[in-house]
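Data first, discussion second: the structure below is written as structure tokens.
Residue numbers (UniProt numbering): 1 to 358.
Here it is, written out as structure tokens:
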């Protein structure tokens, strides 16, 4: 009797819930379980992002306080009347921690580029994989720099390019009828300073504009002061005016003279010896060991050594705030992180620039 009743119940269940329906329900439950685990992982990731945002906001407060201190130490030396036929125009001069105003002719601009990027805007990079918590420290023994690329960082549109004639240095001519003559005049003016000044970047534009970045060769940092920029600009402006009168160049040329900036691009290999003691932001190409796929990596490093014969650089992790924060709040680099090394052939270096830290 009991066996018959059981058969009846099973037949009733099969009628109400066919086998394929039960299987379908089981699949739904499995998907729900997977979804639940995904939500849990996402929640943990959101908590981590929230912590990173808190750190970012705290760093912003520090940057604002620094800017406030700089502005408090700044005074406007004099004001200008720019309504008198455009003869005098107030131009802001920025040199590291000093702000001044100077007067210049309407076609000449004196500037010193000293813009500092927010360290938080730097790319997440291979360094992130070394600077993890101590609980993951054993993993460093198997660390392979080619395996770690973080693409959470979006590259800035205005990032300098080596040889672009601006932040990346080099010469870039627009192909006008006058730009080669203007470059030759700039070289002559440079020589008149007895080898103390060099042309770091020179660029011409189709709309009759010239931009020059000069460097001070007698200064290890390569940064000219305001007086150097003003002296070069006035001398170059005078020579351009003479060439205009002679008809060798077009008229109404505007001129902008500036320094390479605090985040100047390091030319490889000629600038390595000069700036070897500086921390550097490095962007390079690396091949993934398993697939051979080429990937773009970056980080803030210090130059350990370089070899002109093998054309290769050896880098270590720079002891800077952005790297220390990745290692842990206020925690210095540990021994393994200090001893970590990266080898990069010259040809794999896409961008190397100074990384100033205040």
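Heads up, the beta-carbon is just placed ideally off N, CA and C, and yes, glycines get one too.
- Task: Run the CB neighbour count on residue 270, radius 10 Å, all protein chains shown included, and call it buried at 16 or more, exposed below.
- Result: exposed
- Can you check whether the CB of residue 202 is closer than 9 Å to the CB of residue 189? no
- Under 8 Å Cβ to Cβ from residue 272, same chain only, skipping five residues before and after it: list those, please. 266, 303, 306 and 313
- Message: Does residue 45 pass the burial test, meaning 16 or more other C-beta atoms within 10 Å, or should it be called exposed?
- Response: exposed
- Query: How many Å lie between residue 291 and residue 193 at the Cα?
  - Reply: 54 Å
- Tell whether a beta-carbon distance below 9 Å holds between residue 264 and residue 198. no
- What span of residues does the beta strand (DSSP E) with residue 307 cover, start to end? 294-307
- Use the C-beta contact count for residue 34: other C-beta atoms within 10 angstroms, 16 or more gives buried, fewer gives exposed. exposed
- Consult DSSP for residue 347 and reduce its assignment to one of helix, strand or coil. helix
- Query: Using CA coordinates, which residue listed in 236, 246 and 319 is at the minimum distance from residue 336?
  - Reply: 319
- Candidates 47, 38 and 316, of which the one nearest residue 338 by Cα: 316
- Query: Contact check, residue 362 vs residue 300 under 8 Å by CB: the rounded distance?
  - Reply: Any question about residue 362 goes unanswered here, given that the chain covers just 1 to 358.
- Message: What would DSSP say about residue 211, mapped onto helix, strand or coil?
- Response: strand
- Query: Which residues does DSSP pair with residue 286 in a beta bridge?
  - Reply: 295
- Contact belief for residue 182 with residue 210 at Cβ below 8 Å, rounded distance in angstroms: 6 Å
- Answer yes or no: the CB of residue 199 versus the heavy atoms of the ligand SAM, is any distance below 8 Å? The ligand SAM is not part of this structure, which contains no ligands at all.
- Query: To the nearest angstrom, how far is it from the Cα of residue 233 to the Cα of residue 180?
  - Reply: 18 Å
- Message: Quick check on this structure: which residue in 328, 282 and 231 has the alpha carbon closest to the alpha carbon of residue 259?
- Response: 231
- Tell me whether residue 64 is buried or exposed, calling it buried when 16 or more other Cβ atoms sit within 10 Å of its Cβ. exposed
- Could you spell out the range, first to last residue, of the alpha helix (DSSP H) harbouring residue 236? 226-246
- Can you give the beta carbon distance from residue 344 to residue 284, rounded, assuming they're within the 8 Å contact cut? 5 Å
- Could you name the residues that DSSP lists as bridge partners for residue 190? Bridge partners of residue 190: none, in fact.
- Which one or two residues does DSSP pair with residue 265 in a beta bridge? 353
- Could you work out which residue in 60, 206 and 346 is closest to residue 250 when comparing CA atoms only? 206
- Message: Measuring only the C-alpha atoms, how far is residue 356 from residue 191?
- Response: 30 Å
- Own chain residues within Cβ distance below 7 Å of residue 208, not counting five before or after: 250, 252, 253 and 254
- Query: Hey, would you say residue 274 sits closer than 9 Å to residue 195, going by beta carbons?
  - Reply: no
- Tell me where the beta strand (DSSP E) around residue 256 begins and ends. 254-258
- Message: On the DSSP bridge list, what partners appear for residue 313?
- Response: 306 and 344
- Message: Report the CB separation of residue 341 from residue 332 in whole angstroms; it is logged as a contact under 8 Å.
- Response: Going by Cβ atoms, the distance from residue 341 to residue 332 rounds to 18 Å, so no, they are not a contact pair.
- Message: My assumption, with CB atoms under 8 Å, is that residue 369 sits in contact with residue 167. Please give the rounded CB distance.
- Response: Past the boundaries of the shown model lies residue 369; the chain is included only from 1 to 358, so the question cannot be answered.
- Task: Report the three-state DSSP secondary structure of residue 275 (helix, strand or coil).
- Result: coil
- What does DSSP give as the partner residues of residue 170 in its beta bridges? 201
- Message: Once DSSP output is grouped into helix, strand and coil, what is the label at residue 220?
- Response: coil
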